[in-house]
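What follows is one structure encoded as structure tokens, with my remarks underneath.
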Amino acid sequence: MAPLNTTPWLIMGDFNAILSPTDKKSPTTLGKRCDLFGNFVDSCELQDLQFIGPPFTWQRGKILVRLDRALVNDEWMDTFPQSIVHHLTRIKSDHRPLLLITKGDNPISKGRPFRFLAGWTLHNNFSNFVKGKWEFKGNMTESLNNFTAFVKDWNRDVYGFLGNKKRKLMRSLNNIQKALEISDSDHLIKKERETRDELENVLDHEDILWRQKARCDWLQLGDRNTKFYHSRTVKRRKFNRIMSLRVDNGDWCSDQNILQKKAVEFFGELYGEVPTISRATSKNSFPHLKPSEIMLLETPISNEEIKKAMFDMAPLKAPGSDGYHALFFQSQWDTLGNDVCQWVKSVFEGRPIEPELNNTLIVLIPKKESPEDFSQFRPISLCSVLYKLVMKVIANRFKVVLPKLISQEQAGFIAGWNIFDNIILAQEVIHSMRCNRTGRQWMAIKLDLEKAYDRVSWEFINTSLTAARIPLFLRNVIMSAISSSTMQILWNGVPTQKFKPNRGIRQGCPLSPYLFVLCMEWLGQFIHTEIESGIWDPISLSRSGPPISHLFFADDLVIFCKAKIDQARSLEHILSLFCGISGHKISARKSQIFFSKNTETDTRNQISQLFGFQEVQNLGKYLGVPLMHDRVTKNTLDFVVDKIRRKLNSWDARNLSFAGRITLAQSVLLSIPTYFMQTMKIPQGVCEEIERVARQFIWGSSGKNSKMALVGWDTICQPKGRGGLGLRHLNDQNSSFLMKIGFSLVSKSDALWVRILRAKYGWKGQLPETINKNKCSHLWRSLSKLWPSVRENLIWSIGDGANVRCWKDPWIPGMGSLISKISSSSNLNLDCCVREMVNNEGSWNLDLFRVWLPEEVINRITSIPPLHPDTGVDRVIWARSASGLFSVRTAYWSLRENMWHPHEEYWKIPWKYQGPQRVRLFLWLAFRQRLLTISERVRRGISHSSSCPTCGHSVEDLMHVLRDCPTAKEVWMLVLPNQLQQRFFSTSFLDWLILNLCFHESLQGSGTTWSCLFGLIAWRIWKNRNLLIFQNISWPATEVVKVSSCWARQYEASRDIRKNTPQNTTLATTSKDNWVILSTDGAVNNTTGAAAAGGVARDHEGNWITGFNRYLGNCSPMEAEIWGIMDGILILLNKGFRRITITSDNLEAIQNLASLNTGDSGIAVLRRTKRIIQSVGEWNIKYVPRNLNTVADCLAKLGLNWKSNLQVFEEAPKEILELLQADKANGYFL
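For the sequence shown, the positions run 1 to 1230 when UniProt numbering is used.
What follows is the structure, given as structure tokens:
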């Protein structure tokens, strides 16, 4: 019934089954989804209707189950959007009666705030309109308010209501087509084309509008999924809509005016209460910044810093009370940028953020399905973009210095530290506690801070900033922004009256996580002080390993100590002190204690009673991951599969294109288990179940409604360059994440979790052959199995050369041990270190190497920097990546590449196609010859005759459908370019696709290229073939051409808009007349592997300062790029320059140099360059497209030809003079 039904549909009653484990509460058994019932709901594409009342509808003894529910389809929710079910009081039955209400109390609809529309930025007139109407006189609120008034009028008069415009254009197109049936005049033909283009433009804007409302960031612009966006918007609004709640007396209330008033009262009291704060805190014991770090924070705010912060924001995150998204400022930066920078700088100079911009909308997000009272909502702050911009500028500076202030036990929001470090440590502690049956007694306490962000004292924040020695001007900005804020609840889309908070920080502000972590450091410091004084006795997992007392990730707290009453009292004192100074409150109801098995019962009872915490036999999850008190089974991770199923239930596969389903499967479904994969080995059965669910979704199956998979899962999981879609097998993906842990064990020896695990399992040496797996945890056992795969991908990166044996240890990428490259080693000291192979000048002793090694190895050695203090000590690096930094991608490739198909260049063609994503996927299926033609159906055994249903030809294969069938040929003859007519109908199918998709010539008067139009027409021919077979609908050839041409023009137009979004269009940086612009590049000969680097330094006007190049031997493009940057900086430093802007067209090199997370790791030239950069007084680094980097590119290529060591050019070589002038003429310098 469901596939045929397009009317509102409701099924309500006792289903005698549950959909998720949370639908059952029992003291003895866990709830488990009924697959039969779940498949029924999935296949009928139904959704659970929101309910009011207790969550369970049936009871027997202590067993509570939700057996009764109402299920509806999307059409029902479109027709009755306020539908809700009441769970009534149980009287004579063991079931609660259900009452369906289809129309609730009239919602509050007036006063919905202004919202910026993303589609405005695509309007041809919008940028000019902004230039004409935007005016800034120092007051940003006044400017925004004035512009809002103008843009509302422009929206009404110019942009227009999309629904009305669509209907008007549809009527106009219909009338034109009727007229064309009578007379095909040139005027009408032109008018039809213009109307089609305008209609396609309106449909694009409608798609963007619903995408913005649906909060969908995964699907690609230009590939319409309007129905899906609409469906998702309806479901999202249903989930977030508050229809009824329990109020003060416990009774249910659905009066929106009363509920709105109660919401303001509840959150006004939560934020408005002024906490009583203890001030008995010494700032001397709190970690603080060094003078050099303070100077870094005191640097004047620059325009580049402000722009970076703005463009780092997500374009369409929910806006604040002013209604503007970051996209508005990003897309109009050329007009607004200087004014925004001026306003931000004025804030840092002491001007308060204007009240309207410091007003916060509070969105209430349900913590559970069908919440019952206000405490079951999470308040999320929607701050204005400009407020967030100021805070983000500060947050970007804090990122750099916070690692110097925060202890390693706190992993939240600290660059280079990881949430998974804490999860691994917590799991290892619990494993040791579970195995500890004799000796010392331990306890682990999981603390819950009640409304942690909302209760923190403003005075405490100021105390923390002062103690850390944050500069006064930053403290003033932060405290002024916090203390002058106002709040409004966004109640079902409508703002309530304002109220003034007196405490708390806003979840949604970019700076809040850093302030919170800084404040939480007090608790960590209190614990460390007690340890140092001998009062606190932390846990040690081994005799020689470091102790562990606590693990923090923001407000997720786990504390470890000996299970003694005096330890408990010490902890109670610390918690009392911390809560007294911070305003925090421990929730005894939600906090838990876990004791090791050898802890005496009396001790357990005394400690539990002292705290008032519940003793548990299983701490459940920490940071969302099970702490694994038992072995890992499929049941352990059932909740992950259920989470994926719930996600699927919120989507409607019918409303998604194949391209949309692929995108969602890859970016959402298959990404859900990756969080858990990073700390544990997931059972094979769970991986297979998730992949099965993903496969069904991709091919449009649901429940018993199974659809044919056109391509096998193994093929889909091939890289795109090998003919697949780039999805990954979950089991190997899991292994690659665990290999990352293995790599960290050898490369992060200073990390707390690494030191603890190494000591616990008796790690021997830097690169052990095997790792001990006796009495180990689930994680360590999994690592021991993967260790050979990890070890074979590790090599040494030379620093001081003291720890690496030149001939026995691998230290040259791709070469293995050098002993394998020599014929005889009888006269060779095999144990000599690499540092012994450097001559007195500090260069490689190549003459000595040449005695034993072939020239190909010598060429690789020359590309490795010889020993230098800037390179540090020898380090182990990841051999699979050019940078030496670990990547999950290369680890996955190391596990799978032997099972992949051969690389063929033509597999890249579908993905280079410049057209809609759904057409790319169609072309991929065509290249694989897996579209379901009649001959393909015969091959699969589901048809007997292979004749064409359209023309009766004996075989309907892809070539016939798309090219040779008379209906297809008629279409092609209308548009075929003269250059292709001779070969078009004579090549093989594969050659035919390659020929046309690689012919990128523009078609005269069409506004598109042949390759783009070819793909769209081929796709439309296939769609029309299916329409004829399944619905007996046939499009004339002219209509196919018109529709395809129109879509091609529209796609090209939208692509032009995306290409024209703000980006680096100049090499010079604004107002940097005393800065040097260093442009660098690397060049590699693809045949020989020879590499060179080159670069040029110019002033802000483009005048020559110096240039250089260097032949490197053999290395990767990324290495060559880093060499160029290193050489260029050293040359400029020697010339006395201390303000340098580095530009490069190699994004990987820039990311590796700019990253705060890589630390002192990676290949030698990368490590040395990062240290050299730190010696530059002021510097920044940015990516530029290749057309802005032609001079450096030419110098690098000249280095390939000249094969000389470092050459410095005080005057520009003649080969680059024209390029230098062209850069100036093209306006690359301002």
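All C-beta atoms in this analysis are idealised placements derived from N, C-alpha and C, irrespective of residue type, glycine included. Source: prediction; values computed, not measured.
So, with DSSP's three-state summary, where would you put residue i?
i: P966; result: helix
i: S1071; result: In this predicted model, S1071 has a pLDDT of only 42, less than 50, meaning its place in the structure is not dependable; the value taken from the coordinates is given anyway. Reduced to three states, the DSSP call for S1071 is coil.
i: T1080; result: strand
i: R880; result: coil
i: S824; result: coil
i: P788; result: helix
i: R66; result: coil
i: A468; result: coil
i: N39; result: helix
i: N174; result: helix
i: I795; result: strand
i: L357; result: coil
i: L140; result: Per the sequence presented here, residue 140 reads as Met, with Leu not at that position. Correct three-state label for M140: helix.
Would you list the one or two residues that DSSP bridges to residue i?
i: V558; result: K446, L551
i: E1178; result: R1139
i: E615; result: I593
i: S1144; result: T1080, Y1183
i: I672; result: None; I672 has no bridge partner.
i: P626; result: K621
i: N1109; result: G1094, Q1207
Given a threshold of 16 other Cβ atoms within 10 Å of its Cβ, counted over all protein chains shown, does residue i qualify as buried or as exposed?
i: M1118; result: buried
i: T933; result: buried
i: Q441; result: buried
i: N128; result: exposed
i: V1208; result: exposed
i: Y1177; result: The sequence shown places Gly at residue 1177, rather than the Tyr named in the question. G1177 is exposed by the Cβ-count criterion.
i: I707; result: One point to set straight first is that residue 707 is Lys, not Ile, in the sequence displayed. The residue in question, K707, is exposed, as its Cβ has fewer than 16 Cβ neighbours within 10 Å.
i: L626; result: First, the residue type needs correcting, since residue 626 is Pro and not Leu in the sequence shown. Its Cβ being crowded by 16 or more others within 10 Å, P626 is buried.
i: P501; result: buried
i: C1046; result: buried
i: M170; result: exposed
i: G1001; result: Looking at the sequence provided, one finds Glu at residue 1001 rather than Gly. Classification for E1001: exposed.
i: V151; result: buried
i: D334; result: exposed
i: Q614; result: exposed
i: A314; result: exposed
i: D714; result: exposed
i: Q1033; result: For the sequence presented, residue 1033 should be read as Ile rather than Gln. Exposed.
i: N605; result: exposed
i: W780; result: buried
i: K446; result: buried
i: residue 1233; result: No answer is possible for residue 1233: it lies beyond the span of the chain, which begins at 1 and ends at 1230.
i: P719; result: buried
i: A588; result: exposed
For the stretch 894–955, list the alpha helix (DSSP H) runs that are entirely contained and at least 4 residues long, ordered along the chain. Listed in chain order, they are 909–912, 917–928, 934–939.
Can we say the stretch 752–763 touches the stretch 850–863, given the rule of at least three CB pairs closer than 8 Å? Judged by Cβ distances under 8 Å, the stretch 752–763 makes no contact with the stretch 850–863, as fewer than three pairs qualify.
Contact between the stretch 827–843 and the stretch 795–804: three or more CB pairs below 8 Å? Two segments are said to touch when three or more pairs of C-beta atoms, one from each, lie closer than 8 Å; by this definition the stretch 827–843 touches the stretch 795–804.
Which complete alpha helix (DSSP H) runs does the stretch 722–785 hold, if anything under 4 residues is left out? As summarised for the stretch 722–785, the continuous alpha helix (DSSP H) elements at least 4 residues long and confined to that stretch are 730–747, 752–760, given in chain order.
Just to confirm the assignment: which complete alpha helix (DSSP H) runs, minimum length 4, are found wholly within the stretch 260–334? Listed in chain order, the alpha helix (DSSP H) runs fully inside the stretch 260–334 are 291–298, 303–311, 326–331, counting runs of at least 4 residues.
Mind the definition here: the stretch 1002–1018 touches the stretch 943–953 only if three or more C-beta pairs lie below 8 Å; say whether that holds. Result no; under three Cβ-Cβ pairs closer than 8 Å.
Counting Cβ pairs, one atom from each stretch, are 3 or more of them under 8 Å apart for the stretch 902–915 and the stretch 1200–1220? Pairwise C-beta distances place the stretch 902–915 out of contact with the stretch 1200–1220, as fewer than three of them are shorter than 8 Å.
Contact the stretch 944–963 vs the stretch 684–704: 3+ CB pairs below 8 Å: Contact fails: fewer than three Cβ-Cβ distances are below 8 Å.
Let me know the alpha helix (DSSP H) ranges lying completely inside the stretch 958–1014, each 4 residues or longer, listed in chain order. Here the runs fully enclosed are 966–975, 981–984, 989–997.
Are the stretch 422–433 and the stretch 242–253 in contact at 8 Å, needing three or more beta carbon pairs? The answer is no - the stretch 242–253 does not touch the stretch 422–433, with fewer than three Cβ pairs under 8 Å.
Just checking, does the stretch 534–551 make contact with the stretch 563–576 on the three C-beta pairs under 8 Å criterion? The stretch 534–551, when compared against the stretch 563–576, does touch it at the 8 Å Cβ threshold.
Closer than 8 Å is the cut-off here; do at least three beta carbon pairs connect the stretch 1087–1094 with the stretch 1110–1129? Yes, the stretch 1087–1094 is in contact with the stretch 1110–1129.
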